[in-house]
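*Asks:*
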Amino acid sequence: MTDYRTVPTVCPYCGTGCGMLLEVSGGRLAGVLPQKGHPVSDGTLCIKGWVANQFVESPRRLTRPLVRKGGKQQAVPVEEALALVAGRLRDTVEKHGPDAAAFICSAKCTNEEDYLVSKIARAVVGTNNIDHCARL
Amino acid sequence: MSIKEKARELLEGEVDGVLGCRLVGGSHLPHLFTAAGIEDMAEDYPEGERYPIASIVRRLQTEDPGVRIAVVARGCDERSLIELSKQGQVDLGRVVILGLACEGDLARECGCAEPYPSEIVDGQRVEGVPDYSLVEKMDRMPADARLDFWLSRFGSCIKCYGCRNVCPLCYCKECALEDAEMVERGRVPPARPAFHLIRALDMAGRCVDCGLCEEACPMGIPLRTLYRKVGRVVEDNFDYRPGRSLEEKSPLAVLGTEKDLE
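If you read the sequences in order, they're chains A and B.
Each residue of the first sequence is one higher than the one before, starting from 23 at the first, in the numbering used here.
Each residue of the second sequence is one higher than the one before, starting from 239 at the first, in the numbering used here.
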């Protein structure tokens, strides 16, 4: 028999924090409903929340790091991608100073993750060039 | 017998699952219970936490055409199920309705004429107070003032599609509101008044006045007033009220004066 349950969560799209229910049916994420009585959004969502289930299994979703090699993007292990980014970042900062680097964080991340990005930018690299996706 | 007791009894063989709600962190969330999980079913159904139950039934039957379920349904949920059944979208022969009558503020202020299902398991039957005050006020306004009113309200639309998404009677696979020929992509607010009138026309002969659209609208557009108006036009001309009975033929199913649509 098929199953149906709803899981309350917070919309991941922006920093507003609207309440949504993820509909789970047949073991798969099947849809979204606005959560009634939620202190932020009380049963309403914008279009991004209403379709938030679609990106989870989207074939266009980036699920592995891609590195351009010989003009072509290739999937590589996370460790390799991280080492590449860290190396380039270090080179750039050594050559041009900390303000040659900038950090863009995301409203899709948790407060804690964004706090850590701020720490990397300010305490590790030494720049105040930090911004977030909601301004784009 | 309470809804939960009745649900437990039905799960002993008559149905495979019961669609009701589960209490999670103080919220009453839609949930399909089996015999093994029925003890988690909530005992109360707060008026502020209504969900598109008929749409969930339609989805469950689409995924598993053989499934037999019981569903905790208010008057509006039952009307939606009846209308969906007449349009071939749900099979009521495999649905047991556990009727929940709306009480208190919901019954008095929701504005629905019949805030109770045909058979009540829980709640006291209270006659509804159909609210056509805004429809009648609109009717009395001069046409240009009326147009100004609606253009101004439609102008606040953020095009979230919530009114359509939450509507139990909106089940089309291809929606006119997503047709690039009819509704320009990326334009917010959408073309006025076309966007909202496309939906209003589609609600004629369909809308059961559950009010979920208005509750889902982040901008507070008085959508029910619009749909009550088209509903009244259909009722005045065809004596048809969506969801009232399984036997009455929908004017949408009849072509011309005699020919039935097959």
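Don't be surprised by glycine CBs; every beta carbon is placed ideally from N, CA and C.
(1) With a Cβ-Cβ cutoff of 8 Å, do A/V29 and A/V46 count as a contact?
(2) Quick check on the DSSP output: the alpha helix (DSSP H) that includes A/K70 runs from which residue to which?
(3) Starting from B/N475, find everything on chain A with Cβ-Cβ shorter than 9 Å and list it in chain order.
(4) Taking only beta-carbon positions, decide if A/Y35 is within less than 8 Å of chain B.
(5) Quick one, which of B/E287, B/L257, B/D329, B/I291 has its alpha-carbon nearest B/G275's?
(6) Going by DSSP in three states, A/G109 sits in which element: helix, strand or coil?
(7) With C-beta atoms as the reference, is B/R363 less than 8 Å away from B/Y354?
(8) Quick one: give me the first and last residue of the beta strand (DSSP E) that B/F271 is part of.
(9) Alpha carbon to alpha carbon, how far is B/F271 from B/M379? Give it in angstroms, no decimals.
(10) Identify, in the order they occur along the chain, each residue of the same chain with its Cβ nearer than 7 Å to the Cβ of A/V147, setting aside the five sequence neighbours on each side.
(11) Would you say B/H269 reaches chain A, if we count a Cβ-Cβ gap shorter than 8 Å as a contact?
(12) Mind checking which residues open and close the beta strand (DSSP E) that includes A/F77?
(13) What does a CB cutoff of less than 6 Å around A/A52 pick up in its chain, not counting 5 residues either side in sequence?
(14) Kindly list, in the order they appear in chain B, the residues whose Cβ is closer than 7 Å to that of A/I69.
(15) For A/G39, would you say it is in contact with chain B, using Cβ-to-Cβ distances shorter than 8 Å as the test?
(16) Please identify the residue among B/V295, B/Y370, B/V333 whose C-alpha is closest to the C-alpha of B/G469.
(17) For the stretch 251-266 of chain B against the stretch 298-317 of chain B, do three or more pairs of beta-carbon atoms, one drawn from each stretch, fall closer than 8 Å, so that the two count as touching?
(18) Is the CB-CB distance between B/P406 and B/S323 below 8 Å?
(19) According to DSSP, is B/H434 part of a helix, a strand, or is it coil?
(20) In this structure, how does DSSP classify B/M376 when only helix, strand and coil are distinguished?
(21) Can you tell me which of A/G92, A/R86, A/R112 puts its alpha carbon nearest to the alpha carbon of A/T101?
(22) Got a sec: is the Cβ-Cβ distance from B/E250 to anything in chain A below 8 Å?
(23) Taking only beta-carbon positions, decide if A/Q57 is within less than 8 Å of chain B.
(24) Comparing the C-beta of B/Y289 with each C-beta of chain A, is any distance below 8 Å?
(25) Alpha carbon to alpha carbon, what distance is there between A/A74 and B/E247?
(26) Between which two residues does the beta strand (DSSP E) holding A/L43 run?
(27) What does a CB cutoff of less than 8 Å around B/L330 pick up in its chain, not counting 5 residues either side in sequence?
(28) At least one CB of chain A closer than 8 Å to the CB of B/D329: is that the case?
(29) Based on DSSP bridge pairs, tell me the residues matched to B/R260.
(30) Would you tell me roughly how many angstroms separate the C-alpha atoms of B/E357 and B/G337, rounded to the nearest one?
(31) Does DSSP put B/R363 in a helix, a strand or coil?
*Replies:* On the basis of the supplied data:
(1) The residue given as residue 29 of chain A occupies position 7 in the first sequence. The residue given as residue 46 of chain A occupies position 24 in the first sequence. Yes, these two residues count as a Cβ contact at 8 Å.
(2) As a working note, residue 70 of chain A is residue 48 in the first sequence. It spans 69-72 - the alpha helix (DSSP H) in which A/K70 sits, taken as one unbroken run.
(3) As a position in the second sequence, residue 475 of chain B is number 237, starting the count at 1. Chain A residues near B/N475: none, gap ~34 Å exceeds 9 Å.
(4) To locate residue 35 of chain A, count along the first sequence from 1; it is residue 13. So no, A/Y35 is outside the interface.
(5) For the purposes of this step, residue 275 of chain B is taken as the residue at position 37 of the second sequence. Checking every option, the nearest Cα to that of B/G275 belongs to B/L257.
(6) For the purposes of this step, residue 109 of chain A is taken as the residue at position 87 of the first sequence. If DSSP states are grouped into helix, strand and coil, A/G109 belongs with the helices.
(7) Locating residue 363 of chain B in the second sequence gives position 125, counting from the first residue. Locating residue 354 of chain B in the second sequence gives position 116, counting from the first residue. It is a contact, given that the beta carbons lie within the stated cut-off.
(8) Start at 1 with the first residue of the second sequence, and residue 271 of chain B comes out as number 33. That run of the beta strand (DSSP E) goes 265-271.
(9) What you label residue 379 of chain B is simply residue 141 of the second sequence in a count that begins at 1. What you label residue 271 of chain B is simply residue 33 of the second sequence in a count that begins at 1. Computed Cα separation, rounded: 50 Å.
(10) In the first sequence, counting from the first residue as 1, residue 147 of chain A sits at position 125. Here the set comprises V115, P120, A123.
(11) The residue you call residue 269 of chain B lines up with position 31 of the second sequence. So yes, B/H269 belongs to the interface.
(12) Here residue 77 of chain A refers to the residue found at position 55 of the first sequence. It is not in any beta strand (DSSP E) - A/F77 carries neither H nor E in the DSSP assignment.
(13) If you number the first sequence from 1, residue 52 of chain A lands on position 30. Hits under 6 Å: E45.
(14) Taking the first sequence and counting its residues from 1, one reaches residue 69 of chain A at position 47. Those within 7 Å of A/I69 in chain B are K397, C398, Y399.
(15) What you label residue 39 of chain A is simply residue 17 of the first sequence in a count that begins at 1. Cβ-Cβ to chain B under 8 Å: no for A/G39.
(16) Along the second sequence, one-based indexing puts residue 469 of chain B at 231. Here the closest residue by C-alpha is B/Y370.
(17) yes
(18) The sequence position of residue 406 of chain B within the second sequence is 168, counting from 1. The sequence position of residue 323 of chain B within the second sequence is 85, counting from 1. No, they are not a contact pair.
(19) Against the second sequence, residue 434 of chain B aligns to sequence position 196. The answer is helix: DSSP assigns B/H434 an H, G or I state.
(20) Residue mapping note: residue 376 of chain B aligns to position 138 of the second sequence, counting from 1. In the structure shown, B/M376 sits in a helix (DSSP, three-state: H, G or I).
(21) As a first step, residue 101 of chain A is located in the first sequence; it is residue number 79 there, counting from the start. In the sequence on display, residue 101 of chain A carries Glu and not Thr. Looking at the Cα atoms, A/R86 is the closest of the given residues.
(22) Locating residue 250 of chain B in the second sequence gives position 12, where the first residue counts as 1. Not an interface residue.
(23) Numbered from 1 along the first sequence, position 35 holds the residue referred to as residue 57 of chain A. For A/Q57, the answer is yes, since a Cβ of chain B falls inside 8 Å of its Cβ.
(24) Position 51 of the second sequence, counting from 1, holds the residue named residue 289 of chain B. With 8 Å as the cut-off, B/Y289 counts as an interface residue toward chain A.
(25) By 1-based counting over the second sequence, the position of residue 247 of chain B is 9. By 1-based counting over the first sequence, the position of residue 74 of chain A is 52. Straight-line Cα distance between these residues: approximately 38 Å.
(26) The residue given as residue 43 of chain A occupies position 21 in the first sequence. Unbroken beta strand (DSSP E) run through A/L43: 41-47.
(27) Within the second sequence, residue 330 of chain B is the residue found at index 92, counting from 1. Within the same chain, B/L330 has close Cβ partners L319, I320, S323, L484.
(28) The residue given as residue 329 of chain B occupies position 91 in the second sequence. No, B/D329 does not count as interfacial toward chain A.
(29) Within the second sequence, residue 260 of chain B is the residue found at index 22, counting from 1. Looking at the DSSP assignment, B/R260 forms a beta bridge with B/L267, B/M279.
(30) Counted from its first residue, the second sequence places residue 357 of chain B at position 119. Counted from its first residue, the second sequence places residue 337 of chain B at position 99. Computed Cα separation, rounded: 6 Å.
(31) The count along the second sequence starts at 1 and reaches residue 363 of chain B at position 125. Looking at B/R363 - three-state DSSP - the assignment turns out to be coil, as it is neither helix nor strand.
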